[in-house]
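A short worksheet on the structure shown next.
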Amino acid sequence: MKKKHLNIKDFFNKKVFIDSREVKENSIFICIKGKKKDGHSFVKKILKNFLNVIVVCEKKTKYLKNIKRYNNRIILCDSTISYLQDLAKIKRLLLKNSLFIGITGSSGKTTLKETVFNCLSAFNKSYRSQKSYNNHIGLPFTLINQNQSSKFNIYELGMNKLGEINLLSKILKPNIAVITNIGEAHLGKLGSIKAIAKAKSEIIRNIEHKGLIILNRDCNFFDYFKKIAKEKKLNILTFGRNKNANIFYRINNKRNYDLFFNNKKIFSNLSILNINQINNIMICALLLFKLQLNLKKGIRKIQNFSSLKGRGNIVKRSKKIT
Numbered sequence: 097m098k099k100k101h102l103n104i105k106d107f108f109n110k111k112v113f114i115d116s117r118e119v120k121e122n123s124i125f126i127c128i129k130g131k132k133k134d135g136h137s138f139v140k141k142i143l144k145n146f147l148n149v150i151v152v153c154e155k156k157t158k159y160l161k162n163i164k165r166y167n168n169r170i171i172l173c174d175s176t177i178s179y180l181q182d183l184a185k186i187k188r189l190l191l192k193n194s195l196f197i198g199i200t201g202s203s204g205k206t207t208l209k210e211t212v213f214n215c216l217s218a219f220n221k222s223y224r225s226q227k228s229y230n231n232h233i234g235l236p237f238t239l240i241n242q243n244q245s246s247k248f249n250i251y252e253l254g255m256n257k258l259g260e261i262n263l264l265s266k267i268l269k270p271n272i273a274v275i276t277n278i279g280e281a282h283l284g285k286l287g288s289i290k291a292i293a294k295a296k297s298e299i300i301r302n303i304e305h306k307g308l309i310i311l312n313r314d315c316n317f318f319d320y321f322k323k324i325a326k327e328k329k330l331n332i333l334t335f336g337r338n339k340n341a342n343i344f345y346r347i348n349n350k351r352n353y354d355l356f357f358n359n360k361k362i363f364s365n366l367s368i369l370n371i372n373q374i375n376n377i378m379i380c381a382l383l384l385f386k387l388q389l390n391l392k393k394g395i396r397k398i399q400n401f402s403s404l405k406g407r408g409n410i411v412k413r414s415k416k417i418t
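Its first residue numbered 97, the sequence shown is counted upward by one per residue in this note's numbering.
In C-alpha cells, the structure reads:
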C-alpha cells in the first residue's frame with residue numbers, strides 16, 4: 097500500500113479519534129487494538145462512510161484486505177499506540193510556551209485536576225485532560241486534541257506498574273508537578289507501598305528544567321521525594337498539616353480551617369467539607385503564589401466548587417441520615 101504523507105500541521109488542524117463511533121468528517125481515526133475491540137475492524141466502514149477521514153493502521157493487521165481503493169487515505173505504522181504517543185510528543189513541543197501541570201498520586205487526582213482548572217481559568221484560558229483519561233492512551237489522545245491557545249494545561253497521570261508514570265511524564269514534560277499522596281492503591285500489582293512511591297516519583301525526574309514539584313509534607317515518603325527533587329535541582333513547595341510545610345492548616349474550635357502561608361495566616365474560618373478539599377485549596381494557593389496570581393481571587397473561585405459526581409458529595413437520605 098502506498099503510504100500517505102501529511103504535513104504534521106494537518107494532524108493538529110484536524111480532530112483525532114480513537115473511538116469509531118465518534119468519528120466525524122475531515123478528521124483522523126487512529127486504530128487501537130483493545131482487550132475487547134480492535135479499531136482496525138472498523139476501517140472499511142469508516143473509509144466508506146466518510147470521504148475525508150484519514151485512517152492510521154498497523155501494517156500487520158488482518159483488516160486491510162479488499163480496500164486498496166482507499167490507499168491514499170491510509171497511513172501504515174508498526175504500532176498505532178506508539179504513533180499516538182509520538183504525535184503527542186510533537187504537539188507538546190508546539191505548545192512549549194504554555195504551562196503544563198502534571199498531577200499524580202494514589203488518590204484525589206481527578207478532583208484536584210478539576211479544582212486547579214476551575215481556579216486557574218479565572219485568570220487565563222485553561223485546559224484539562226478529559227474525564228479520567230490518564231493512561232498511556234488517554235493522556236496522549238487528549239494532548240493531541242488540546243487547543244493551542246490555552247495558557248494553563250492540567251493533566252492527571254495514572255499508573256498500574258513501574259515505568260508508566262515515566263512514559264507519561266516524558267510525553268507531558270510538566271513545568272509543575274504535584275504528588276497528592278501515597279496510599280495502597282495498586283498494592284496488589286506493585287507489592288509494597290515503597291514500590292508505589294517509587295512509581296509515583298518517576299514524574300519528578302521528567303519535570304522541565306528549573307520546574308516545580310509540590311509535595312505533601314504529611315506523606316511518609318516526603319523525604320524520599322525531596323531528595324530526588326534536590327538532585328534534579330527543582331524548586332520545592334509543600335502543603336499539609338505539618339507546620340514545616342510552606343502552607344499548612346489548623347482546625348479551629350468551630351470546625352473551620354485557618355490557612356497559614358510561610359507561618360503567616362492568610363485565611364481564617366474557611367468552611368471546608370473534608371481534608372481532601374483543604375489539601376486541594378492549599379495546592380491551588382501554592383500554584384497561585386508560584387504563578388504570581390491573585391490569591392484571594394483564586395481561592396474565592398474554588399471555595400464553592402462542587403465536588404465531582406461520586407467524589408465527596410454529601411447526600412441526605414432522611415432527616416437523620418446523611
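All residues carry an ideal CB built from backbone N, CA and C; glycine is no exception. Being a predicted model, the structure only gives us computed values, none of them experimental.
Report yes if the CB atom of C153 is closer than 7 Å to the CB atom of L180, and no otherwise.
-> As a working mapping, residue 153 is identified with position 57 in the sequence shown. As a working mapping, residue 180 is identified with position 84 in the sequence shown. No.
Would you check if there are 3 or more beta carbon pairs closer than 8 Å linking the stretch 157-176 to the stretch 324-340?
-> no
For V112, write down the residues that DSSP places opposite it in a beta bridge.
-> In the sequence shown, residue 112 corresponds to position 16, counting from 1. Paired residues: I124.
Pick helix, strand or coil for M97, following the three-state DSSP scheme.
-> Numbered from its first residue, the sequence shown carries residue 97 at position 1. With a pLDDT of only 43 at M97, under the threshold of 50, the placement of this residue in the model should not be trusted; the figure read from the coordinates follows. Note: M97 maps to coil in three-state DSSP.
Take L239 and list the residues in its own chain whose beta-carbon comes closer than 6 Å to its own, dropping the five residues that flank it on each side.
-> Against the sequence shown, residue 239 aligns to sequence position 143. A184 and K187, listed in sequence order.
At what residue ranges does the stretch 200-284 contain a whole run of the beta strand (DSSP E), taking only runs of 3 or more?
-> 222-224, 248-252 and 272-275
If you draw a straight line from the alpha carbon of I199 to that of R165, how long is it in whole angstroms?
-> Indexing the sequence shown from 1 puts residue 199 at position 103. Indexing the sequence shown from 1 puts residue 165 at position 69. Approximately 45 Å between the Cα atoms of the pair.
Reduced DSSP secondary structure (H/G/I, E/B, other) of S402 = Position 306 of the sequence shown, counting from 1, holds the residue named residue 402. Because the pLDDT of S402 is 49, which lies under 50, any placement of that residue in the model is unreliable, and the question is left without a value.
Nearest CA to the CA of F248: which residue from T276, Y353 and F219?
-> Residue mapping note: residue 248 aligns to position 152 of the sequence shown, counting from 1. Here the closest residue by C-alpha is F219.
Going by DSSP, name the residue or residues bridged to L311.
-> The count along the sequence shown starts at 1 and reaches residue 311 at position 215. DSSP output for L311 lists I275 and T334 as bridge partner(s).
Among N352, H136, S364 and N331, which one has its Cα closest to the Cα of S175?
-> The residue labelled residue 175 in the question sits at position 79 within the sequence shown. Nearest to S175 by alpha-carbon distance, out of N352, H136, S364 and N331, is H136.
Distance between A381 and I362 (C-alpha atoms, nearest Å) | The count along the sequence shown starts at 1 and reaches residue 362 at position 266. The count along the sequence shown starts at 1 and reaches residue 381 at position 285. Going by the C-alpha atoms only, they are around 10 Å apart.
Might you give, ordered along the chain, the residues of its own chain that have their beta carbon closer than 6 Å to the beta carbon of N331, omitting 5 neighbours on each side?
-> For this step, residue 331 is matched to residue 235 along the sequence shown. The beta carbon of N331 sits closer than 6 Å to the beta carbons of L308 from its chain, once the five residues preceding and following it are set aside; these are given in chain order.
Quick one: what does DSSP say G198 is sitting in, helix, strand or coil?
-> Here the question's residue 198 lines up with position 102 in the sequence shown. G198: strand per DSSP, three-state reduction.
Measure the C-alpha to C-alpha separation of I347 and D354 and round it to an integer number of angstroms.
-> Numbered from 1 along the sequence shown, position 251 holds the residue referred to as residue 347. Numbered from 1 along the sequence shown, position 258 holds the residue referred to as residue 354. Taking the straight line joining both Cα atoms gives about 6 Å.
Could you give the distance in angstroms between the alpha-carbon of E260 and the alpha-carbon of Y229?
-> Within the sequence shown, residue 260 is the residue found at index 164, counting from 1. Within the sequence shown, residue 229 is the residue found at index 133, counting from 1. Spanning the two alpha carbons is a distance of roughly 14 Å.
Pull up the distance between the alpha-carbon of K266 and that of Q226, whole angstroms please.
-> By 1-based counting over the sequence shown, the position of residue 266 is 170. By 1-based counting over the sequence shown, the position of residue 226 is 130. Cα atoms of K266 and Q226: separation of roughly 19 Å, rounded to the nearest angstrom.
What do you reckon, are the CB atoms on I303 and A341 nearer than 7 Å?
-> The sequence position of residue 303 within the sequence shown is 207, counting from 1. The sequence position of residue 341 within the sequence shown is 245, counting from 1. Going by C-beta atoms, I303 is not nearer than 7 Å to A341.
Who does E154 pair with in a DSSP beta bridge?
-> One-based indexing of the sequence shown puts residue 154 at position 58. C173, per the DSSP bridge assignment.
For N365, does the three-state DSSP call read helix, strand or coil?
-> The residue you call residue 365 lines up with position 269 of the sequence shown. Residue state, collapsed to three classes: strand.
So, F196 versus N271, is the Cβ gap smaller than 7 Å?
-> Walking along the sequence shown from the start, residue 196 turns up at place 100. Walking along the sequence shown from the start, residue 271 turns up at place 175. Yes, they are a contact pair.
So the alpha helix (DSSP H) Y320 belongs to, where does it begin and stop?
-> Looking up residue 320 in the sequence shown gives position 224. First-last of the alpha helix (DSSP H) with Y320: F318 to E327.
Those residues which DSSP pairs with Y345 across a bridge | What you label residue 345 is simply residue 249 of the sequence shown in a count that begins at 1. Per DSSP, the beta-bridge partners of Y345 are L355.
When the distance is taken between beta carbons, is Q242 closer than 7 Å to Y223?
-> Along the sequence shown, one-based indexing puts residue 223 at 127. Along the sequence shown, one-based indexing puts residue 242 at 146. Yes, Cβ-Cβ distance for Y223 and Q242 is below 7 Å.
DSSP beta-bridge partners of D134 | Residue mapping note: residue 134 aligns to position 38 of the sequence shown, counting from 1. Its beta-bridge partners are K129.
To which residues of the same chain is G279 closer than 7 Å at the C-beta, ignoring the five residues directly before and after it?
-> As a first step, residue 279 is located in the sequence shown; it is residue number 183 there, counting from the start. Closer than 7 Å at Cβ, skipping near neighbours: S202 and S203.
Please name the residue in M255, R413, L268 and S246 whose C-alpha comes closest to that of D182.
-> For the purposes of this step, residue 182 is identified with residue 86 of the sequence shown, where counting begins at 1. Measuring from the Cα of D182, the nearest candidate turns out to be L268.
Hey, quick one: how far does the alpha helix (DSSP H) through I289 stretch, first residue to last?
-> Position 193 of the sequence shown, counted from the start, is the residue given in the question as residue 289. Start and end: I289 to K296.
Bridge-paired residues (DSSP) for K187 = Working through the sequence shown from its first residue, we reach residue 187 at position 91. Bridge partners of K187: none, in fact.
Are the Cβ atoms of S123 and V149 separated by less than 7 Å?
-> Stepping through the sequence shown from its first residue, residue 123 is reached at position 27. Stepping through the sequence shown from its first residue, residue 149 is reached at position 53. Yes.
How would you call E252, buried or exposed, if buried means at least 16 neighbouring beta carbons within 10 angstroms?
-> Counting from 1 along the sequence shown, the entry for residue 252 is found at position 156. By the 10 Å Cβ count, E252 comes out buried.
Where the alpha helix (DSSP H) containing F146 begins and where it ends = Looking up residue 146 in the sequence shown gives position 50. Per DSSP, F146 belongs to no alpha helix (DSSP H) and is neither H nor E.
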